[in-house]
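Asker: The structure follows.
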Amino acid sequence: MTTGVDRRLRYGIIGCGDATRRLIIPGLKNSNRAQLVCIASRDVQKARTLAIEAQCEYASSYEDLLNQGDIDVIYIALPISLHAQWTMRAIKSGKHVHCEKSLAPCLEEVVKILESAQKNDRRVMEGFMFRFHTLYKTVQDLIASGEIGILKSFVGSFGFPLEENDLIRRNPAMKMGILNETGCYTISAASGFFNQNPDSVLANLEYKNQLEIGGCALLKFGPGENAYCEFGYDRGYRCSYTLWGTEGHIVVERAYTTPPTMEPIIEVRKQEGSKSIKIPAENHFSKMIDTFCEAILRGTGKETFEQAAYHQAVVMEAVRKSYYNKDVVFLNELKVNF
Numbered sequence: 001m002t003t004g005v006d007r008r009l010r011y012g013i014i015g016c017g018d019a020t021r022r023l024i025i026p027g028l029k030n031s032n033r034a035q036l037v038c039i040a041s042r043d044v045q046k047a048r049t050l051a052i053e054a055q056c057e058y059a060s061s062y063e064d065l066l067n068q069g070d071i072d073v074i075y076i077a078l079p080i081s082l083h084a085q086w087t088m089r090a091i092k093s094g095k096h097v098h099c100e101k102s103l104a105p106c107l108e109e110v111v112k113i114l115e116s117a118q119k120n121d122r123r124v125m126e127g128f129m130f131r132f133h134t135l136y137k138t139v140q141d142l143i144a145s146g147e148i149g150i151l152k153s154f155v156g157s158f159g160f161p162l163e164e165n166d167l168i169r170r171n172p173a174m175k176m177g178i179l180n181e182t183g184c185y186t187i188s189a190a191s192g193f194f195n196q197n198p199d200s201v202l203a204n205l206e207y208k209n210q211l212e213i214g215g216c217a218l219l220k221f222g223p224g225e226n227a228y229c230e231f232g233y234d235r236g237y238r239c240s241y242t243l244w245g246t247e248g249h250i251v252v253e254r255a256y257t258t259p260p261t262m263e264p265i266i267e268v269r270k271q272e273g274s275k276s277i278k279i280p281a282e283n284h285f286s287k288m289i290d291t292f293c294e295a296i297l298r299g300t301g302k303e304t305f306e307q308a309a310y311h312q313a314v315v316m317e318a319v320r321k322s323y324y325n326k327d328v329v330f331l332n333e334l335k336v337n338f
């Protein structure tokens, strides 16, 4: 049996929705550092059916899964309104937590999660898988090398038409509004490419029947450095970003949810000509899981995971506050000790 830093961490999944079947289970199955052990759902029959398909065990309840002593990491794949509750319970049961984005509906809950993890010496990761794809890292390298000069602006778009039978997203109590669902990706990407957190935010959100269906946010990073993030349930599918520098621009489509069989293209456009860079197909869920497991086993990556989750939550809170106050929000007014 492999032990120490070279062993595979044993994962349990709470939540058996569509994303679990299509994305999380394949990501774990293709991981080099993780092993899927058990699945839990509110519906035991649903958990049993999916466990047979995934060739793993199933638990009779969420609590039963958390009580299993041989589980190292819990993957939370529930509606966002339940993230904080079950993340905290997983931490207190002695488990590390890999949670779907957004980590929680508000900054206060995120801070409570991170404080609990710190107190119990557990690790927490918010699941922005696109940041682990070679696509994202190649764009970062192009910016750092000066390929398009000095980065001046980012425009990120992520949205899709909300289906009539999508009852979870359509239920405002589940906190599955568009900012928490897709706007968070564009905000995470903007901060990543500018390699810092914005100084201020001006935002608008759109509601229909109490459900957050659209929005946009202007993030100011420095003199002449801005990001515009747009997101919506009320428009055709779009999943892209454009980065504009002093000497050219970069365009990427299918930027946040690149399928594991897709070879994404980076378009670099400059006055003297354009070029396309093809990136090999890969499963960014598997790479994300491997990176988290490595960090747990080696005790590294606090800035990659916990600090990143905190800073993301601060920006998200600024977006909400800007909408409610109808004014610019400066992030230094929101930060709390963590």
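Going left to right, the sequence shown walks through residues 1 to 338 as the UniProt record's numbering numbers them. In this text, a Cβ means the ideal position worked out from N, Cα and C, and glycines have one as well. Here the structure is a predicted model, which means the values were calculated and not measured.
Starting from T293, follow the alpha helix (DSSP H) in both directions and report where the run begins and ends.
Answerer: Per the sequence presented here, residue 293 reads as Cys, with Thr not at that position. Segment 284-298, the alpha helix (DSSP H) holding C293.
Asker: Using CA atoms only, rank isn't needed, just tell me which of D72, Q312, E333, A77 is closest to Q196.
Answerer: Ranking D72, Q312, E333, A77 by Cα distance to Q196 puts Q312 first.
Asker: Under 7 Å between the Cβ atoms of A255 and E126?
Answerer: Contact flag unset, no.
Asker: Would the segment 65-83 and the segment 10-21 be scored as touching if the rule is three or more Cβ pairs under 8 Å?
Answerer: The segment 65-83 vs the segment 10-21: in contact.
Asker: For A144, does the count of other Cβ atoms within 10 angstroms reach 16, so buried, or fall short, so exposed?
Answerer: A144 comes out exposed.
Asker: Among all the DSSP beta bridges, which residues are the ones paired with G156?
Answerer: G156 is bridged to C229, Y241.
Asker: Taking three-plus beta-carbon pairs below 8 Å as touching, is the segment 31-38 in contact with the segment 55-66?
Answerer: A contact exists between the segment 31-38 and the segment 55-66.
Asker: Quick check: what's the CA-CA separation for S286 versus H98?
Answerer: Each residue's Cα considered, the two are about 13 Å apart.
Asker: Going by Cα to Cα distance, which pick from A90, L211, I80, A51 is closest to Y62?
Answerer: Comparing Cα-Cα distances from Y62 to each of A90, L211, I80, A51, the minimum goes to A90.
Asker: Which residue marks the beginning of the alpha helix (DSSP H) containing N325, and which one marks its end?
Answerer: Element bounds for N325: 306-325.
Asker: To the nearest whole angstrom, what separates the beta carbons of C106 and E317, a pair I think is in contact under 8 Å?
Answerer: That pair is a contact at about 6 Å.
Asker: Based on DSSP bridge pairs, tell me the residues matched to V268.
Answerer: Its beta-bridge partners are I250, K275.
Asker: Please confirm whether S188 and F128 have their CB atoms less than 7 Å apart.
Answerer: Cβ atoms of S188 and F128: closer than 7 Å.
Asker: Look at the alpha carbon of M60 and the alpha carbon of N180, and state the distance between them as a whole number of angstroms.
Answerer: The residue you asked about is not Met; residue 60 is Ser in the sequence shown. Looking at the two C-alpha atoms, the distance is approximately 29 Å.
Asker: Residue ranges of each beta strand (DSSP E) run of no fewer than 3 residues wholly in the segment 164-212, ordered along the chain?
Answerer: Complete beta strand (DSSP E) runs here, min 3: 200-208.
Asker: List, from N- to C-terminal side, the beta strand (DSSP E) runs of 3 residues or more that fit wholly inside the segment 16-84.
Answerer: The qualifying runs are 34-40, 73-76.
Asker: Can you list, in chain order, the residues of its chain whose CB lies under 6 Å from that of R123, leaving out five sequence neighbours each side?
Answerer: So the list reads H96, I296, once near-sequence residues are dropped.
Asker: Exposed or buried, T182, counting other C-beta atoms within 10 Å across all chains shown (16 or more means buried)?
Answerer: Burial call: buried.
Asker: Ignore the nearest five residues each way along the sequence and tell me which others in C184's own chain have a CB closer than 6 Å to its CB.
Answerer: Closer than 6 Å at Cβ, skipping near neighbours: K101, S102.
Asker: Does the structure place the segment 229-245 close enough to the segment 156-175 that three or more beta carbon pairs sit under 8 Å?
Answerer: Result yes; three or more Cβ-Cβ pairs closer than 8 Å.
Asker: Indicate whether the contact test is met: 3 or more Cβ pairs, each with one atom in the segment 45-52 and one in the segment 140-154, closer than 8 Å.
Answerer: No, because fewer than three Cβ pairs between the segment 45-52 and the segment 140-154 fall closer than 8 Å, the two stretches do not touch.
Asker: Is R235 helix, strand or coil when you go by DSSP?
Answerer: Reduced to three states, the DSSP call for R235 is coil.
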